[in-house]
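*Asks:*
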Amino acid sequence: MTGGTAGAVRQSMVIANWKMYKTAAEAEMFVERVKEEVKAVKEVEMVICPPFIALESLSRLMGDSNLLLGAQNMHWEKEGAYTGEISPLMLKESGVKYAIIGHSERRRYFGENDAIVAQKFSAALSFGLIPVLCVGENQQQRSAGETEKVVQEQLLTALKEVDENRDILGKMVLAYEPVWAIGSGTAAYPEDAASVATFIRSLLQERLGDLSQQVRILYGGSVKPENIRDFTSRENIDGALVGGSSLKETVFVQLVQAVR
Ligand code: PEP
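Going by the working numbering, the sequence shown opens with residue 1081, and the numbers climb by one from there.
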């Protein structure tokens, strides 16, 4: 648990982003094994974001566990002629609680810009899904000293259309993921990540007031069991969004145990 200055207590969190890894059968095997290992964990919220095809079966398997289900992406419309897409309503019906929005791989390979991300962000909230909004600079922007500028633009655009009085906004999750750190094996320096997290909290404070103290801010980018505590022990970092290291049962359990 981490605390906000206005008295809010934020539950720590580990989100596993499996990207396009694991068949449904492999995903089921993972959950069967891991749910036993983590059944005593109360301090850390644990979210698995598998490929869409595994959502239904994992939802059933997770029913009697403390693991929660997340989606890696979603469309912003309830339904329509959008071949290959999945709607927030469909996710909700499949037992999904969280939806990752604006992951840098979506921005880079699928052309998602801040305007699209904003539409998805606001749609997730309307359908009662909790958005996990990813923000972060690429290597070039980092070298140019533009980290805060980029993060500010991404965050404020996503928040533009939402009504700041809605309590659900306090539940949203922000993931600071420097693009250059994702999948590279080179994590950010924890003090740099903490400084960006504090900057994000200050932007949220300006936009949302006290509600901002409830928002969880995660770090993501080459997190592993050996370094996760270096991030989550910082004041404004409430957990981690983890890709590669979350794919192995034993390593996922180690990540969670390290945060407890
Ligand atoms: C991610 O996919 O969001 C991520 C942080 O990946 P990795 O942990 O592999 O860097």
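Virtual Cβ for every residue (Gly too), placed ideally from N, Cα, C. Remember, it's a predicted structure, so these values are computed and weren't measured experimentally.
(1) Contact defined as beta carbons within less than 8 Å: I believe Asn1146 pairs with Met1126. What is the distance between those atoms, to the nearest angstrom?
(2) Quick check: the Cα distance between Val1197 and Ala1238, rounded to an integer number of angstroms?
(3) Leaving out the 5 sequence neighbours to the left and right, which residues in its chain are closer than 8 Å to Gly1289 when beta-carbon positions are compared?
(4) Identify every residue that forms a DSSP beta bridge with Gly1150.
(5) Quick one: what's got a C-beta closer than 6 Å to Thr1278's C-beta in the same chain, skipping five residues either side?
(6) Okay, do the region 1111-1122 and the region 1175-1192 touch, 3+ Cβ pairs below 8 Å being the bar?
(7) Suppose contacts are defined by Cβ-Cβ distances below 8 Å. Is Ile1095 in contact with Val1339 by that definition?
(8) Going by DSSP, what residues sit across from Leu1141 in a beta bridge?
(9) Tell me whether Lys1328, by its Cβ, gets closer than 7 Å to a heavy atom of the ligand NAD.
(10) Who does Ser1256 pair with in a DSSP beta bridge?
(11) Under 7 Å: does the beta carbon of Gly1263 sit that close to some heavy atom of the ligand PEP?
(12) If the criterion is Cβ atoms closer than 8 Å, does the pair Val1212 and Val1253 meet it?
*Replies:* Taking the definition as stated:
(1) 7 Å
(2) 6 Å
(3) Glu1244
(4) Tyr1178
(5) Asn1316
(6) no
(7) no
(8) Looking at the DSSP assignment, Leu1141 forms no beta bridge with any residue, so it has no partner.
(9) Absence of the ligand NAD from the depicted structure is noted, with the ligand PEP being the only ligands included.
(10) One point to set straight first is that residue 1256 is Tyr, not Ser, in the sequence displayed. Tyr1256 pairs with Val1215 and Tyr1299.
(11) yes
(12) yes
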